[in-house]
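If you use mature numbering (1 follows the signal peptide of the UniProt record, and there is no 0), the sequence shown corresponds to residues -26 to -1, 1 to 195, in order.
Each residue gets a CB set at the ideal place from its N, CA and C atoms; glycine is no exception.
Here is the structure we will look at, set down as structure tokens.
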Amino acid sequence: MKRIKQFLVVALMTVIVAVAPMSAFAQTEAGQGISDLSQEKIDMRMKAVFEYLDENAYLMEEDSQEPWSFSIPVDEGVIVDVKITNQEDLKARGDAVGRNTYNVTSYSNYNYTLTVSNVLGYGDTTLYKVNYTVGGYVGSTTYHYITVNQVTISGTPPTGYNGYTTSTYIDQSLNGGIIVPTSGSITYTSPILANKKITFREVSINSIPNDKVDIDYWYEY
């Protein structure tokens, strides 16, 4: 029995020793991969995402269920997964009509959320959220005043990273009108790896006729 116990201990130690280097190698490989990812490359990937959404968001059908999902090739071997929701506060979902357009109701709050995953290629997920209020009609038209209350960005860091910082922007000169541009960025941080920034530039909430809002995407770097 003593020899059996000794054998089991030796076997267990062998497994631990074998697994540890493999884990360390995977972490090192991931860290090296992200370190080699330039800011220009990250910006190019996000530009590809925004261009795809701008050109293909009309594929969301009126009776489809949220969230709407897209898998977007942005680089060799890299596919970014995207989810979009536009939900009225206290309700299960918003109504989609046509190309990236939503039915809205006067004096109601909405949360638009754009989720992008795998931009850096190592398990990152970033949520870009816009809370906005649809006001009354503009004069005798069916346009609504739009007020963006808050833009928030949160995320799950990629492999090798343990935190993040964010910055957001609302064009206050247009806030309360019918077109309100927003933008922001998230910077994933690590004690040993170079910081990596993902930028959202820009997501615009636009009032259009007949009680609808349109979400426009535009990217510049």
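Check: Check whether the segment 161 to 173 touches the segment 75 to 89, counting contact only when three or more Cβ pairs, one atom from each stretch, lie closer than 8 Å.; Outcome: no
Check: If distances are taken between C-alpha atoms only, which option among Glu194, Gln13 and Asn184 comes closest to Val78?; Outcome: Asn184
Check: Please check the pair Val187 and Tyr76, which I expect to be a contact at CB under 8 Å, by giving their CB distance rounded to whole angstroms.; Outcome: 5 Å
Check: When you compare the CB positions of Thr107 and Asn123, do they come within less than 9 Å of one another, or not?; Outcome: yes
Check: Ser159 by DSSP, collapsed to three states: which one?; Outcome: strand
Check: Just how far apart, CA to CA, sit Val104 and Thr163?; Outcome: 24 Å
Check: Please work out which residues of its chain come closer than 6 Å, Cβ to Cβ, to Glu29, disregarding the five sequence neighbours upstream and downstream, and give them in chain order.; Outcome: none
Check: With Gln125 and Val90 assumed to form a contact (beta carbons below 8 Å), what rounded beta-carbon distance in angstroms separates them?; Outcome: In the sequence under discussion, the amino acid at residue 125 is Val, which differs from the Gln named in the question. Incorrect: roughly 15 Å between the Cβ atoms, too far for contact.
Check: In whole angstroms, give me the CA-to-CA distance for Asp17 and Gly113.; Outcome: 40 Å
Check: Out of Glu176, Leu11 and Ile189, which has the shortest C-alpha to C-alpha gap to Tyr195?; Outcome: Glu176
Check: In the DSSP assignment, the beta strand (DSSP E) including Leu88 goes from what residue to what residue?; Outcome: Ser82 to Ser91
Check: Which of helix, strand or coil does DSSP assign to Gln146?; Outcome: coil
Check: For Thr100, count neighbouring C-beta atoms within 10 Å of its own C-beta (all shown protein chains included) and say buried if the count is 16 or more, exposed if not.; Outcome: buried
Check: Along the chain, where does the alpha helix (DSSP H) containing Glu29 start, and where does it finish?; Outcome: Gln13 to Asn30
Check: Terminal residues of the continuous beta strand (DSSP E) containing Ile53?; Outcome: Val52 to Glu62
Check: By Cβ distance, which residues of its chain are closer than 6 Å to Leu148, with the 5 residues on each side in sequence left out?; Outcome: Val154
Check: According to DSSP, is Ile153 helix, strand or coil?; Outcome: strand
Check: Using DSSP bridges, identify the partner residues of Gly137.; Outcome: Thr163
Check: Cβ atoms of Phe24 and Tyr102: under 9 Å apart, would you say?; Outcome: no
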